Amino acid sequence: MPTIVVSEEVLKKLRALRRPGEVTDDRILERIVAEAAGEQEKRLRAYEAQEQDIQSTN
Numbered sequence: 002m003p004t005i006v007v008s009e010e011v012l013k014k015l016r017a018l019r020r021p022g023e024v025t026d027d028r029i030l031e032r033i034v035a036e037a038a039g040e041q042e043k044r045l046r047a048y049e050a051q052e053q054d055i056q057s058t059n
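Counted from 1, the sequence shown has number 50 at position 49 by our numbering; the numbering is strictly sequential.
Shown next as structure tokens:
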């Protein structure tokens, strides 16, 4: 299994984000990364859905 090195401060912050049912640091990180990816996808869809200004001359 791959490993990553994080400071004690980062590990404390990660563990502070633990939700019920997340029994490992891996599960916490997995959720956080998935949420971040979903948020990025959501923002991209919102941007693409915006009506583009095709009248601009810039």
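Heads up, the beta-carbon is just placed ideally off N, CA and C, and yes, glycines get one too.
Owing to the predicted nature of the structure, the values given are computational and were not obtained by experimental measurement.
Just to confirm, is the Cβ distance from residue 19 to residue 5 under 9 Å?
no
Measure the CB-CB distance between residue 32 and residue 42 and report whether it falls below 9 Å.
No; because the gap between Cβ atoms is not below 9 Å, this pair is not in contact.
Would you mind giving the Cβ-Cβ distance between residue 15 and residue 26, rounded to the nearest angstrom? I have them listed as a contact below 8 Å.
6 Å
For residue 33, three-class secondary structure by DSSP:
helix
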